Every structure is written in C-alpha cells, then in structure tokens.
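In the working numbering, the protein residues as written are -7 to 283.
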C-alpha cells in the first residue's frame, strides 16, 4: 500500500527545496497545506520526516533515500507524460534573461524555426534569480548553474566583465588607457556599485569614495547607456560580443572581474525531442561564435 500521492508530491518539493514555504510557492498552495500534508505523511510512516529547527526545516537522515526516489520518480513521470501528449505541433517554452535573449537568442531564432517547422517556440523573460522549476518552462538560459536533481546544465560562456565605452564617449573624454584614467570617467553600474569597486581593487586603484554614476536595474539599460555615450560600463564581453565586434563598444582594459561566473543552458535531464533539438541548436550557435 502506497502513501497518498498528493502528500508524496508535497514531501518531494519540501525535501528538494529544504523549505515548507518554498514548496508552498512552487505548488501554489498555502504553507499550512504543506505542513498538513507532511504531518499526514509522517503519521502514515510513524516517524518524523523533517527536523523542525529555529531557522526552518531539515530533512531527517532516514528520509533521504525516500526523497531521492521521489525526485527521480516525479521527473520520470513528468517526462513520460510530456512524451505522451498528442500535439499537432510540438511546443516548447524558453525562459531567457533579457541580456542573452536580445543579443544571442532572438537574432538567431529564425534559423531554428526555419529548420524545425514542426516546433513552436514561445520565449519569455526570466530573472537571474529564477531556477528552471520556478519558471515552469522547458528551457532556461540564465546566469548561474542549477544543481537541482534531474536538471541538466550546459555551460555556454563566461561572465567575465571588462570596462567598455563607446567611440562617441571616448571622443569627448579622451583616451582612457589606464585604470587611473578610468577612475576619472563617468561610471555606469549594473544593479550595484560593487562590481566597479572590485575592479578598481584588482587594478590597484584606491578610490577616495564610492564610485559615482547612475545604477541601472537591467543590463540592457546599462548597455544602451554605454552605447549612447553616457560613460564607461563593466560589461560581460561575451554577452556584448556583437557590439564590440561592430565597434559600438570598445574594451578599455584587459583587467577583468567576475571570471568565476558563467551563463548556462538548462533543461530537465529527461528531454523531450523538441527540447533536445532546441538545446543542441543553441549550443551550436554559441560554439560557432567561438564563445
């Protein structure tokens, strides 16, 4: 006799996320509903499945094998269910952070559609903080890997950032060949000033105060400001490869930061045919560019 399937689904999410609250968000139920289902399951097994602590919950050691088995089983069930769907046209939804969507995905997408006329692609925005399961999509292209069970991550390219500026800005400001000269420029920031602070530290330049200049919430806004000649920005060179190759942006220094971070192509390990075709194609696009 099996425990209630609904309760097992709640248990799997809570164990994977190590949080009743996050499990409730993923399953679109209340925290109380998750707690009730877990208590029901613990009564069925006759033992606690989670250790309740001040800072949250932690999976009990004796429940770890059950959690692993549930994650694997639900992933396989989801994959089999997708493969059995009768569609006149395969449909996949791709979530992508805006910087990659506008510079890598959308410019090349017509090539994929031309060679895969039987696949319909829906592209939606993703935030850098989202993981694949949170998006509810088939594919996620984002910054950072996803170490969740049943997830396949393929590295695309590095996030390495270098200072760039437009020819227009350099014409008005003059040469900015050294870190000391860059420190006198109008600095543009991507979400935080911390990246410029880290860059100047690496360059051996001590600033008298925090770097000045506007902070942009979205990278596309930052890149637009840099191309328009508003100042110097720290940009991921692979993301801005086309702007650099076209001469819209010029790299000012070989000193870089954020080399340890990368962009990834993420999907479920059990890929349906259309998802596998899309992922293989996008990886070829990146490889062909030499990123």
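For glycine and all other residues, C-beta sits at the position ideal for the given N, C-alpha and C. Model, not experiment: these values are computed from the prediction.
Express the C-alpha separation of residue 248 and residue 61 in angstroms, rounding to a whole number.
43 Å
Do residue 98 and residue 231 have their C-beta atoms within less than 8 Å of each other?
no
So, at 8 Å on beta carbons, what are the nonlocal neighbours of residue 244 in its own chain, with the 5 sequence-adjacent residues on each side left out?
154, 155, 156, 157, 168, 169, 174, 224
Mapping DSSP to helix, strand and coil, what is residue 227?
strand
Residue from 70, 16, 3 with nearest C-alpha to residue 37:
3
Return the bridge partner residues of residue 48 from the DSSP annotation.
45
Cβ-Cβ separation, residue 104 to residue 295 (assumed contact under 8 Å), whole Å:
This structure gives no information on residue 295, because the portion of the chain shown stretches from -7 to 283.
Whole-angstrom distance between residue -1 and residue 189, CA atom to CA atom
49 Å
For residue 196 and residue 219, what's the separation of their Cα atoms in angstroms?
27 Å
Is there contact between the stretch 114 to 131 and the stretch 259 to 271, where contact requires at least three CB pairs shorter than 8 Å?
yes
CA-CA distance, residue 144 and residue 282?
22 Å
Start and end residues, alpha helix (DSSP H) containing residue 134
Looking at the DSSP string, residue 134 is not in any alpha helix (DSSP H); the run it does join, the beta strand (DSSP E), is 131 to 135.
I think residue 187 touches residue 250, with their Cβ atoms under 8 Å apart; what is that distance to the nearest whole Å?
7 Å
Give the straight-line distance between the Cα atoms of residue 211 and residue 203, rounded to the nearest whole angstrom.
18 Å
Span separating the alpha-carbon of residue 48 from that of residue 269:
41 Å
CA-to-CA distance, residue 85 to residue 64, given in whole angstroms:
23 Å
Which class does residue 141 belong to by DSSP, given the choice of helix, strand or coil?
coil
Which residues in the same chain have their Cβ closer than 8 Å to the Cβ of residue 217, if we skip the five residues on either side of it in sequence?
180, 206, 208, 223, 225
Around the C-beta of residue -4, are 16 or more other C-beta atoms found within 10 angstroms, so that it is buried, or is it exposed?
exposed
List the endpoints of the continuous beta strand (DSSP E) containing residue 257.
254 to 260
Mind checking whether residue 52 and residue 66 have CB atoms under 8 Å apart?
no
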